[in-house]
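Colleague:
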């Protein structure tokens, strides 16, 4: 009878070990799933940061282009003003010399 009890006890130990092994596998799978989700979250943050950086650079380019257009317009106005002064001075010289 004792050997029967011993085998039953041994079988119970094996079952507990198997349950513990399965539980450890389940916990390991949960850790892997959490790690995967964390990696996805970091990847999403990285993509979002890249998107914001790209938008920022585009906005800087648009702003630089706008400033360049303003400079060109100011240069054009100054050139027109100088041209009007030259034409006005030339007209005064011609009238005075006649």
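Residue numbers (the working numbering): 7 to 104. Every residue, glycine too, gets a C-beta built ideally from N, C-alpha and C.
#1: In whole angstroms, what separates the C-alpha of residue 23 from that of residue 15?
#2: Grab me the residues of residue 47's own chain with a C-beta within less than 8 Å of its C-beta, minus the 5 sequence neighbours each way, in chain order.
#3: Distance, Cα to Cα, residue 79 vs residue 89?
Modeller: The answer reads as follows:
#1: Walking along the chain shown from the start, residue 23 turns up at place 17. Walking along the chain shown from the start, residue 15 turns up at place 9. Computed Cα separation, rounded: 12 Å.
#2: Taking the chain shown and counting its residues from 1, the one referred to as residue 47 is at position 41. There are no such residues.
#3: Your numbering for residue 79 matches position 73 in the chain shown. Your numbering for residue 89 matches position 83 in the chain shown. Going by the C-alpha atoms only, they are around 15 Å apart.
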